[in-house]
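Here's the structure, in structure tokens; my notes come after.
Chains as they are written, first to last, in our numbering: chain S, 302 to 894; chain Y, 302 to 894.
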């Protein structure tokens, strides 16, 4: 082997390592792992584990699945994301909105509690994983951009309301069902006579305690002599305390005999690995839902990841995130879990507790694994009302009705988009809700471009700058109409411009020149080119010249490919100032000479 | 009655007259009608009548309807449009594309030749009329703008191909059916052995004569001693000559006994007036098709009307046109006709023949009425192949495959739109074809806005104007990044800008200021405002200031309603020149003092 080939090999190795590092971001943090980082990660892992146990059980309940599936969905998916994800602190697992969407989707193909139902949930995780992976490989991360901020906020808030309502039945101890606000309300109202008082009391106490614990537990612990840090950690264990307390009361008071719904027997041990069902009929029935779940899960996860990364001046890579979430969902599917994504509250806790790397998530996965091995017998007596209480309290943080107010103040179309999304989600359910939001925001955006703002502009004294005559004190010329069209010209607004120009020239008989200042025209498509051509000819017939100014490079490239510039009665000027100076001069000259 | 109330009454009368004139544009031309106008209109009416008789029969055949329905659709609709329409010279009646769309739509609900089929066609005219009327009253004329020029051209060309293919069976004398290119081709190919040689010979001779007549008949007539004007008029009667000749041959040679398909017995007399069937099931089945037929018919009619009006410096009012076309279709429905719209060839003939007012159309309606009363017995022996030949020759003028070449040269997205429309129309049929075209052009437009052109700009020497550094020889400052984003900022491109800015500042360490020149930013929605906020904070953390320049009035109004301007680390400048001058100065000052 000579020197050349050794250098070649080194270069090949470098390239291989680089590609490997891109594919497996874990390599970048694992290489520098040390005892200091381990300390931070371990503490975060303990806190997240304590938080995840009740959350996992609760979101399994929300999805209508057996409690153990919540634990299963919080083991391997965390490891998979830790290996492939680009966020250092994101915590993956079952989350509220995705669990609700899963319940809605699989509720259409199987009855809650049936084996088919659990099978469908596992298949959904696999489909969602494959969709996310494919989107990542194809670099389709940009699809998430179609969900505007008002649509996402509105959707999550409305989902929160539906989630809270869906859990009320566990608090009241009655049967109720439905995926929409009207269904849930009428179903709950119809069964109100079946209320189980003990269940209700347990649920209300749990809710009250959890709300209080948010703000009141930490100061109390500190007053009892605990250090601020310890108190802060113990306070996050509020849900665990409620679970322990209500489980004990349930056991001692014999809740089971009094008609209180309990979690019941939960299999002890780790999930066995197996491939999910590849039933073609089932898969095709779930396909659209799986796509929606994937996109919503991705958007939620990426927005959390971005927020946290920005705080430590790190960055995440959306396309790699798709791959990592895909891996996490496939890991969930092969270990009898259900769809997962990066969750807001758990990631914040992980971050605040000092997690430095995804190593924290791997250790949390070990923690949940231990819980699945050792703690499940304790869960037998846990009232479902307690889990419902943790869900209800958790989703109140999703409710952001401020967005409606903000949108109302900021812009009417953002307001319409958010109201449409909230209404559609509440009335038609989560899937149609998110679709309605996307469609509404796209149509509103398009609608605005069909009637563009057109300003008559004049020169700002002392500058070469031109502004709207209605807003600024500017200098205009009687023989020149300077128009600034504030939109790209395309088929949907081409005739609007035509009408505007014709109306204007009909009312202004002194005009000799019309100059279109093209600063905001980023595109002229063929239909708009036809309209410009028509305007040019019409003006020419009436003895007026059409000029263009400040045409951008890409637009000019297009015009040069057509014969429009040969037809144009006037000229194309580099700047509007030059255009007005030239054309004004032309008019004055005859009088000077 | 005192003076005051008389003045009031006058004013009321004036207002009433004005409203009436807007509602009934016929009043404006009828008031000034005189003998000179009558002469022009009468001549045009005679020519149009001669042209309309074969066209009406042929388009009835194309729609799969009895020949007399073609005549019926050319009587009352002309009168209705003459009363309500705003074009002086548009000629309304059955047209090729709308007849094809009608055949496609009603072919789905009834068998060709059945009474139900004719009933459905009449119902379709009524539905289309009501839809057009509603669109007019609601001022929804802008909907037509969603059909871009490439989509309309591609759609009409592809429809022309389908029409020509669908008529081939009448030329060949074989059975064939289908609404798409593959269906028609395989259906024709499968029945080729049934060819009727006499039918084929008649059809081919008719086609050859009609093509020759287009260019050769007028010079021949002139050589035979006819004046240029008379020759021009007689030459337009080419189709009538073919009909007369082939009918005579058919009668004399006993075509009927030799298996040649003839028009057969056509009821003599005017249509009886009656309300069309209001079968709810039928109407709901036809609803989507009726909407598409209405929009396509409107677009075709308005584009013809606009072209002709422009030639005489007249204008048409799109919303009133909707009302007039609505009235014309309802008139067609109550007189046993089928959907109609303003046709290109007949309107050109009407215009060229010197029609001054819609009075010409009213007289043409009388002419067609006379034909229905007197001429129908003659039609018994008319071979269908002759009518098919007139259709085939007529639709060749619809084929504009130049549009594909033009779009290819002008812009890739226009090219994709036209190719998608043509392919979808040929392969999937007219309805899905036009829908595919609309969806494709909207998505292409949106896609372009998601990855906006962003230019780094510098000052053009000797001006206050800033241009792209890659296209112009401009002056830049090391400490200032001047960015011009060539698109409105909204949810679909907000993160694109964010990524662009971050990437740029990571590579340029000397920067102190980033100035966004906002000339092309016509809107900043809430999602984009969030992105700007994030950029502002991120730059601030890295010691950079974000500034805006040349923010438009409406955009500034929005920003002022938010707290973005309070958060902004830099300033908002009236002009980009001022921004650069100010910020450059700031930097130099320390060295001067």
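Just so you know, even glycine gets a beta-carbon here, dropped at the ideal spot from N, CA and C.
Note that the coordinates shown come from a computational prediction; the quantities given were computed from them, not determined experimentally.
Taking 8 Å as the limit between beta carbons, can you name the residues of its chain near residue 669 of chain Y, skipping five residues before and five after? So the list reads 350, 353, 354, 357, 372, 375, 376, 379, once near-sequence residues are dropped.
Since residue 636 of chain S and residue 572 of chain S are thought to touch, with beta carbons under 8 Å apart, how far apart are those beta carbons, to the nearest angstrom? At roughly 4 Å, the Cβ-Cβ gap stays under 8 Å, so residue 636 of chain S and residue 572 of chain S are in contact.
Proximity to residue 278 of chain S [Cα-Cα], best of S:612, S:593, S:548: The shown model of chain S, from 302 to 894, leaves out residue 278 of chain S, and the question about it has no answer.
So what's residue 878 of chain Y in DSSP terms, helix, strand or just coil? Residue 878 of chain Y sits in a helix when the DSSP states are folded into three classes.
Min CB distance residue 821 of chain S to chain Y below 7 Å: It does; some Cβ of chain Y falls within 7 Å.
For a quick check, are the C-beta atoms of residue 401 of chain S and residue 464 of chain S less than 7 Å apart? Going by C-beta atoms, residue 401 of chain S is nearer than 7 Å to residue 464 of chain S.
Are there 16 or more other CB atoms within 10 angstroms of the CB of residue 576 of chain S, so buried, or fewer, so exposed? Exposed: under 16 other Cβ atoms inside 10 Å.
Which residues, in order along the segment 682-714 of chain Y, keep a beta-carbon less than 8 Å from a beta-carbon of chain S? Residues passing the 8 Å Cβ filter: 707, 708, 710, 711, 712, 714.
C-alpha distance - residue 860 of chain S paired with residue 451 of chain S, whole-angstrom precision: Near 38 Å, if we compare the C-alpha coordinates of residue 451 of chain S and residue 860 of chain S.
Would you mind telling me which residues of chain S sit closer than 8 Å to residue 791 of chain Y, beta carbon to beta carbon, in chain order? Residues of chain S whose Cβ lies closer than 8 Å to the Cβ of residue 791 of chain Y are, in chain order, 449, 746.
For the alpha helix (DSSP H) that contains residue 783 of chain S, what are its first and last residues? Per DSSP, residue 783 of chain S lies in no alpha helix (DSSP H) segment; the continuous beta strand (DSSP E) that holds it begins and ends at 781-786.
List, from N- to C-terminal side, the alpha helix (DSSP H) runs of 4 residues or more that fit wholly inside the segment 579-666 of chain Y. Listed in chain order, they are 581-612, 619-635, 645-653.
Taking residue 572 of chain Y as the query, report the chain S residues whose CB atoms sit under 8 Å from its CB, ordered along the chain. Under a criterion of Cβ atoms nearer than 8 Å, no residue of chain S is adjacent to residue 572 of chain Y; the nearest Cβ is some 37 Å distant.
Give the DSSP bridge partners of residue 767 of chain S, in chain order. According to DSSP, residue 767 of chain S shares a beta bridge with S:760.
Using the Cα positions of residue 428 of chain S and residue 638 of chain S, report the straight-line distance between them to the nearest angstrom. Taking the straight line joining both Cα atoms gives about 13 Å.
Do you know offhand how far residue 674 of chain Y's Cα is from residue 805 of chain S's? If you take the alpha carbons of residue 674 of chain Y and residue 805 of chain S, they lie about 51 Å apart.
In the structure shown, what three-state DSSP assignment does residue 394 of chain S receive? Residue 394 of chain S: strand per DSSP, three-state reduction.
Anything in the segment 865-889 of chain S with a Cβ closer than 9 Å to a Cβ of chain Y? List those residues in chain order, please. Hits within the stretch, in order: 875, 876, 877, 878, 879.
Distance, residue 765 of chain Y Cα to residue 764 of chain S Cα: Roughly 8 Å separates the two Cα atoms.
What are the residues that DSSP puts in a beta bridge with residue 868 of chain S? Note: residue 868 of chain S sits in no beta bridge, so no partner.
Where does residue 316 of chain S fall in DSSP's three states? Look at residue 316 of chain S here: in three-state DSSP terms it is helix.
Taking its Cβ as the centre, do 16 or more other Cβ atoms sit within 10 Å of residue 864 of chain S, making it buried, or is it exposed? So residue 864 of chain S ends up on the exposed side.
Counting only beta-carbon atoms, is residue 766 of chain Y nearer than 7 Å to chain S? So, interface residue.
I want to see whether chain Y comes within less than 7 Å of residue 841 of chain S, judged by CB atoms only; does it? With a threshold of 7 Å between beta carbons, residue 841 of chain S makes no contact with chain Y.
Would you report the Cα separation of residue 837 of chain S and residue 600 of chain S, rounded to the nearest angstrom? Taking the straight line from one Cα to the other gives about 47 Å.
Taking Cβ positions, are residue 828 of chain S and residue 792 of chain S nearer each other than 7 Å? Note that the C-beta distance between residue 828 of chain S and residue 792 of chain S is below 7 Å.
Express the C-alpha separation of residue 480 of chain S and residue 901 of chain Y in angstroms, rounding to a whole number. Nothing about residue 901 of chain Y can be reported from this structure: the residues present for chain Y run from 302 to 894 only.
I want to see whether chain Y comes within less than 7 Å of residue 862 of chain S, judged by CB atoms only; does it? Yes - at least one Cβ of chain Y is within 7 Å of the one on residue 862 of chain S.
Start and end residues, beta strand (DSSP E) containing residue 818 of chain S: Unbroken beta strand (DSSP E) run through residue 818 of chain S: 814-818.
At least one CB of chain Y closer than 7 Å to the CB of residue 769 of chain S: is that the case? It does; some Cβ of chain Y falls within 7 Å.
Would you call the segment 576-595 of chain S and the segment 417-431 of chain S in contact, with 3 or more CB pairs under 8 Å? Contact holds: three or more Cβ-Cβ distances are below 8 Å.
Three-state secondary structure assigned by DSSP to residue 696 of chain S: If DSSP states are grouped into helix, strand and coil, residue 696 of chain S belongs with the helices.
For residue 478 of chain S, which three-state DSSP category applies? Three-state result, residue 478 of chain S: coil.
Helix, strand or coil for residue 892 of chain S, going by three-state DSSP, please let me know. Any reading at residue 892 of chain S must be qualified, since the residue scores a pLDDT of 39, below 50, and its modelled position is unreliable; the value itself is stated next. The answer is helix: DSSP assigns residue 892 of chain S an H, G or I state.
Suppose the cutoff is 6 Å on Cβ atoms and the five residues either side in sequence are ignored; what does the same chain contact list for residue 461 of chain S look like? Cβ neighbours of residue 461 of chain S within its own chain (closer than 6 Å, five residues either side excluded): 696, 699, 700.
Is residue 828 of chain Y close to chain S? Criterion is C-beta to C-beta, closer than 7 Å. Cβ-Cβ to chain S under 7 Å: yes for residue 828 of chain Y.
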